[in-house]
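Each remark here refers to the structure printed beneath this line.
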Amino acid sequence: MKKPVFDVVGVGLNATDTLLVLPHFPPYGGKIAFEEEVISPGGQVATALVTCARLGLRVKYIGTIGDDERGRLQWESLQGLGIDLAHVQRRSNCPNQSAYILVDRSTGERTVLWQRPDCLRIEPGEITPQQITCARLLHIDGHDTPAVAKAAAIARKAGIPVTVDVDTIYPGFDRVLPNVDYLIASSEFPGNWTREPDPFRALEIIQKEYGMRVAAMTLGADGALARHQGRFYYSPGFIVRCVDTTGAGDVFHGAFCYAVLKRMPLKQALEFSNAMAALNCTQLGARGGIASREQAERLMRDGQRRVNPEYAAAIQVRGA
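Next comes the structure, spelled out in structure tokens:
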């Protein structure tokens, strides 16, 4: 078999964000002056791939970018990082996906308002086996479900592991999950998908139904919860001076892809991904604080954890 050219190939979203920094969120129907306006690149898969590239992996991105000013900014943000953009389509007369993000300076928490024009849709026929089998790992999100389902099926047939970032239920996503090896979902997805409110039970149901190696969920500041080989693992988040939580989950996914390829044990992989996500929160923007492996390992060694007592207690009974 031909040696893979890339470590990671990603199929999915990018977005150009406008961040409005507020002293605090106003009440409903209120009015407040914002303190700062920043335009910065982001997006689920694109930011995860940027994280991989900055950690030294060979990266290829498959996606679409609009031909407006926001698209130009996104394109320029991906150049110069060593990311292969040969199969990124620049769509004519089509605006790029955009987001307006309200950032509460007092907490770093954010609220996202986004829009993705239909002209950016990736069709299944635009995904070829050669685009996927050139890499050691495939990372996808849930958008353009038929296209990512095809990519995941190609990867499964070729024995290439698949990681997925999913935050909501997409029609037809049941055709994606059978070919996923590492599900790292939002905290809402497992319960919404299974209609099981207990997160431990929800992850167990998904893993048993679809057979992925790891079924996991991110928990924001509280870290991450995962199930592997019949055991649960809870990895607390890190306490940092939070400036902006935008992109934290995307950076977590990029770090997790890196950890899988570096064959880190699951406990270490979760801790490393939590550290990378936390460090990104110390700067403004989806990619503002992407750290090095050395910086993440320093936080892992010296940093304080934010332990959720409910998960910590439950893991004593159910997990590792």
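Per this note's numbering, the sequence shown starts with residue 7, numbered consecutively. Just so you know, even glycine gets a beta-carbon here, dropped at the ideal spot from N, CA and C. If you're wondering where the values come from, they're calculated on a predicted model, not measured in any experiment.
Element boundaries [beta strand (DSSP E), containing residue i]
i, result
"residue 93", "90-97"
"residue 67", "65-72"
"residue 107", "104-110"
"residue 121", "116-121"
"residue 22", "21-28"
"residue 171", "168-172"
"residue 12", "12-17"
Among the options, nearest to residue i - alpha-carbon criterion
i, options, result
"residue 150", "214, 323, 128, 84", "128"
"residue 145", "8, 288, 323, 267", "267"
"residue 40", "220, 311, 27", "27"
"residue 25", "295, 117, 71, 37", "117"
"residue 69", "60, 84, 313", "84"
"residue 260", "8, 13, 221", "13"
"residue 238", "32, 251, 253, 211", "211"
"residue 178", "199, 166, 192", "199"
"residue 195", "171, 188, 216, 217", "171"
"residue 153", "269, 16, 301, 8", "16"
"residue 174", "160, 197, 90", "197"
"residue 19", "122, 32, 163", "122"
"residue 217", "51, 298, 162", "162"
"residue 104", "315, 156, 23, 115", "23"
"residue 166", "219, 208, 298", "219"
"residue 257", "115, 297, 248", "297"
"residue 264", "306, 120, 169", "169"
"residue 189", "271, 63, 231, 140", "231"
"residue 130", "158, 141, 115", "158"
"residue 64", "37, 52, 11", "11"
"residue 75", "101, 29, 67", "101"
Simplified DSSP state of residue i, which is helix, strand or coil
i, result
"residue 83", "helix"
"residue 77", "helix"
"residue 184", "helix"
"residue 268", "coil"
"residue 335", "Beyond the ends of the chain as shown, which are 7 and 326, falls residue 335; an answer cannot be given."
"residue 143", "strand"
"residue 151", "helix"
"residue 244", "strand"
"residue 321", "helix"
"residue 157", "helix"
"residue 40", "coil"
"residue 162", "helix"
"residue 250", "coil"
"residue 47", "strand"
Boundaries of the alpha helix (DSSP H) in which residue i is found, first to last residue
i, result
"residue 52", "50-60"
"residue 197", "195-200"
"residue 208", "205-216"
"residue 135", "135-138"
- Would you list, in sequence order, the uninterrupted alpha helix (DSSP H) runs of no fewer than 4 residues that lie entirely inside the stretch 271-308? Here the runs fully enclosed are 272-286, 299-308.
- Message: Taking contact to mean 3 or more Cβ pairs, one atom from each stretch, closer than 8 Å, check whether the stretch 132-140 and the stretch 103-119 are in contact.
- Response: With the cut-off at 8 Å, the stretch 132-140 and the stretch 103-119 do not touch.
- Would you check if the stretch 42-58 and the stretch 72-81 touch, i.e. whether three or more CB-CB distances between them fall below 8 Å? yes
- Could you say if the stretch 178-198 and the stretch 56-74 meet the contact criterion of at least three C-beta pairs nearer than 8 Å? no
- Message: Quick check for students: name the residue ranges of the beta strand (DSSP E) that lie wholly in the stretch 217-242, counting only runs of 3 or more.
- Response: 220-224, 230-234, 237-241
- Check whether the stretch 273-289 touches the stretch 233-247, taking contact to mean three or more Cβ pairs, one atom from each stretch, closer than 8 Å. Yes, the stretch 273-289 is in contact with the stretch 233-247.
- Okay, do the stretch 94-102 and the stretch 286-304 touch, 3+ Cβ pairs below 8 Å being the bar? no
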